[in-house]
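Student:
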Amino acid sequence: MFSENIKRLRNERKLSQADIAKRLGITQQAYSLYELGLKIPSFAMVLNIADFFGVSIDSLVNRDKKEEQ
0 MFSENIKRLR NERKLSQADI AKRLGITQQA YSLYELGLKI PSFAMVLNIA DFFGVSIDSL
60 VNRDKKEEQ
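Count the sequence shown with numbering that gives the first Met the number 0 and you get residues 0 to 68, in order.
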């Protein structure tokens with residue numbers, strides 16, 4: 000799930016939500032809602048998040064795992 004994946008990636012990099020939000024140009028509250036799964040980011044924001052973490056969009060939404068089955 001997207002929200003779990005971005006939280007895991009953030010924790011692996013030992014970053015705060017505020018750190019990431021600042022780099023993405025959004026509020027910490029908005030980023031927090033993404034991690035909680037209470038708000039769905041725009042496609043452009045998903046691209047920005049994937050670029051920030053250096054991963055594919057498919058890995059963010061677990062699409063790569065579905066294709067392997």
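Idealized CB from N, CA, C, for every residue including glycine.
When you compare the CB positions of Ser55 and Tyr33, do they come within less than 8 Å of one another, or not?
Tutor: no
Student: Quick one: grab the DSSP three-state call for Ser58.
Tutor: Looking at Ser58 - three-state DSSP - the assignment turns out to be helix.
Student: Just reading off the alpha helix (DSSP H) that Arg12 is part of, what are its end residues?
Tutor: First-last for Arg12: undefined, no H or E at that position.
Student: For Leu46, count neighbouring Cβ atoms within 10 angstroms of its own Cβ and tell me buried if that reaches 16, exposed if not.
Tutor: Label assigned to Leu46: exposed.
Student: To which residues of the same chain is Arg22 closer than 7 Å at the C-beta, ignoring the five residues directly before and after it?
Tutor: Phe51
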